[in-house]
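Here is the structure we will look at.
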Amino acid sequence: MTFRRTVPAWQLAAPALFVMAWGGNHFTPLLHMYESLGNYSVFMADLFLGFYVVGLVPGLLLAGALSDRYGRKPLTLAGVILGILASVLLGLGFTSGIMLSAGRLLAGLSVGVAMAVGTAWLKELSGPPFDNQAGKTAGARRPALTLTVGFGLGAGVAGVLAQWGPMPTLSPYVVHIVLSLLVLPRLLRAPETVPRYRSHRPFWQDLAVPLAGHRRFVRVVIPSAPWVFGAAGIAYAIMPTLVEDQLGTLNLAFATLLTVVTLGTGALVQPQVARINRVTDGRALTVGMSMMLLGVGLSVATAIVLSPVLALLTGVVLGAAYGVCIVAGLVEIQKISTPADLAGLTGVYYSLTYIGFLLPVAFAWLNAVAGYTVLLGILFVVCALCLALVTNGMRRSVTE
Numbered sequence: 144m145t146f147r148r149t150v151p152a153w154q155l156a157a158p159a160l161f162v163m164a165w166g167g168n169h170f171t172p173l174l175h176m177y178e179s180l181g182n183y184s185v186f187m188a189d190l191f192l193g194f195y196v197v198g199l200v201p202g203l204l205l206a207g208a209l210s211d212r213y214g215r216k217p218l219t220l221a222g223v224i225l226g227i228l229a230s231v232l233l234g235l236g237f238t239s240g241i242m243l244s245a246g247r248l249l250a251g252l253s254v255g256v257a258m259a260v261g262t263a264w265l266k267e268l269s270g271p272p273f274d275n276q277a278g279k280t281a282g283a284r285r286p287a288l289t290l291t292v293g294f295g296l297g298a299g300v301a302g303v304l305a306q307w308g309p310m311p312t313l314s315p316y317v318v319h320i321v322l323s324l325l326v327l328p329r330l331l332r333a334p335e336t337v338p339r340y341r342s343h344r345p346f347w348q349d350l351a352v353p354l355a356g357h358r359r360f361v362r363v364v365i366p367s368a369p370w371v372f373g374a375a376g377i378a379y380a381i382m383p384t385l386v387e388d389q390l391g392t393l394n395l396a397f398a399t400l401l402t403v404v405t406l407g408t409g410a411l412v413q414p415q416v417a418r419i420n421r422v423t424d425g426r427a428l429t430v431g432m433s434m435m436l437l438g439v440g441l442s443v444a445t446a447i448v449l450s451p452v453l454a455l456l457t458g459v460v461l462g463a464a465y466g467v468c469i470v471a472g473l474v475e476i477q478k479i480s481t482p483a484d485l486a487g488l489t490g491v492y493y494s495l496t497y498i499g500f501l502l503p504v505a506f507a508w509l510n511a512v513a514g515y516t517v518l519l520g521i522l523f524v525v526c527a528l529c530l531a532l533v534t535n536g537m538r539r540s541v542t543e
């Protein structure tokens, strides 16, 4: 007699988050390719990152409310399909700035679904009645780790194919399309966690997220959130720009390495956030922001000495800061949210985190006024102020 092993419910949904994250970040290490082979300016290449955020934010804010009304699975399925369409446009639009911009916008929408809806879905699948053995932080750790691995592997594979593989402007996107198609059967088997059409009020009322005004959210989450992907933007968009003259033809490979190292470090650190919270009495977010300050300080040093080795070290530290902050932030969200508010508040949180991903665009624009050393120095001061706000907010929340 043979026994069929039952796949945990959350593992049926997680591959969809993985491929959506893959499709959101496989473009990032290819920026240098678009500049060198496509003759796009640095500003235009960074603007493609901006279009990603333009798609991401409405995806985060709208998808959560839609999934509260129609269910997590239909929205996640739509997110995977949007990611496939994005890769089709990106793969075929190398010479068209309009197609690339549209592709990045759709990729942002897809990742917005993954983060708002997918994170809420995996959190719900990581507790009773779907999982009775999961730890307290599993609902925050599992989606964060799934997204991080997807971001990292997507960038790593795309960078390797673009540097050494066939059809460098097309093959990275073909890989993502194939992977996305392969996860669909498993996604369709995943259980729904939200009763369909449970809300009968007008849709616009579902967009309201009252808990975004919660004192803990305002004092602790808001000052720290933009630094989550601000760390990523500094590590694998700004650092390669600083040292590109030292790398020659290996610039794309180095950008890929920085992306993988940054996100790989984040993935390794994320499972330790629960332990950090225990040791620090719930102050993992303060620890993450302290690491963030160190990473920004190292980025200033890199801008001064222009060392690829120091840039790599900066990526490691910023990756660790990213890993701690993203999980610690989700833990804070899940502490204060109710089941009805979870997807919406998660969407607001991730919208705030992606403000930081606009840093490369802002720096490329401001570089005509001030050098990267000055800009990163100012950023260091802002990071120190945000760390002080988070520390004070946590202290006040404990005493009140």
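With the working numbering applied, the sequence shown covers 144 to 543.
We put the beta carbon where it would ideally sit given N, CA and C, even for glycine.
The structure presented is a predicted model; accordingly, all values stated were derived computationally and were not measured.
Buried/exposed call for residue i, threshold 16 Cβ in 10 Å
| i | result |
| --- | --- |
| residue 266 | buried |
| residue 356 | exposed |
| residue 90 | The first residue shown for the chain is 144 and the last is 543, placing residue 90 beyond what the model contains. |
| residue 538 | exposed |
| residue 216 | buried |
| residue 358 | exposed |
| residue 502 | buried |
| residue 426 | buried |
| residue 147 | Residue confidence for residue 147 is low, a pLDDT of 47 falling below 50, so the modelled location carries little weight; the figure read from the coordinates is stated next. So residue 147 counts as exposed. |
| residue 284 | buried |
| residue 394 | buried |
| residue 508 | exposed |
| residue 489 | buried |
| residue 172 | buried |
| residue 331 | exposed |
| residue 452 | exposed |
| residue 184 | exposed |
| residue 179 | exposed |
| residue 276 | exposed |
| residue 424 | exposed |
Straight-line Cα distance separating residue j from residue i
| i | j | result |
| --- | --- | --- |
| residue 382 | residue 272 | 45 Å |
| residue 360 | residue 370 | 15 Å |
| residue 517 | residue 441 | 13 Å |
| residue 242 | residue 467 | 35 Å |
| residue 306 | residue 206 | 35 Å |
| residue 521 | residue 328 | 49 Å |
| residue 181 | residue 238 | 6 Å |
| residue 235 | residue 429 | 44 Å |
| residue 218 | residue 439 | 36 Å |
| residue 196 | residue 372 | 11 Å |
| residue 476 | residue 177 | 38 Å |
| residue 231 | residue 249 | 10 Å |
| residue 258 | residue 534 | 26 Å |
| residue 422 | residue 256 | 33 Å |
| residue 478 | residue 282 | 11 Å |
| residue 485 | residue 261 | 11 Å |
| residue 513 | residue 390 | 24 Å |
| residue 145 | residue 160 | No answer about residue 145 holds up, because its pLDDT of 42 lies below 50 and its placement is not dependable. |
| residue 247 | residue 293 | 17 Å |
| residue 504 | residue 254 | 19 Å |
| residue 483 | residue 515 | 44 Å |
| residue 222 | residue 212 | 16 Å |
Chain E contact for residue i (CB, 8 Å cutoff)
| i | result |
| --- | --- |
| residue 448 | Reference to chain E is not applicable here, since this structure consists of a single protein chain. |
Distance between beta carbons of residue j and residue i, contact taken as under 8 Å
| i | j | result |
| --- | --- | --- |
| residue 191 | residue 170 | 7 Å |
| residue 558 | residue 458 | Because residue 558 is not part of the residues shown, which for the chain are 144 to 543, the question remains open. |
| residue 280 | residue 403 | About 25 Å separates the two Cβ atoms, so there is no contact after all. |
| residue 386 | residue 450 | 7 Å |
| residue 464 | residue 434 | 4 Å |
| residue 420 | residue 474 | 7 Å |
| residue 153 | residue 268 | 4 Å |
| residue 263 | residue 210 | 7 Å |
Sufficient close CB pairs (3 or more, under 8 Å) joining the segment 293-302 to the segment 154-171
Contact between the segment 293-302 and the segment 154-171 is present, with at least three C-beta pairs closer than 8 Å.
Is it true that the segment 397-412 meets the segment 273-293, where meeting means three or more beta-carbon pairs spaced less than 8 Å apart?
The segment 397-412, when compared against the segment 273-293, does touch it at the 8 Å Cβ threshold.
Any 3 or more C-beta pairs closer than 8 Å across the segment 490-499 and the segment 197-214:
When C-beta atoms of the segment 490-499 are compared with those of the segment 197-214, three or more pairs fall below 8 Å, so the two segments count as touching.
Quick one: any contact between the segment 426-446 and the segment 319-327, if contact means 3 or more CB pairs under 8 Å?
These segments do not touch.
Across the segment 520-529 and the segment 391-399, are there enough close Cβ pairs to call them in contact, namely three or more that are closer than 8 Å?
These segments do not touch.
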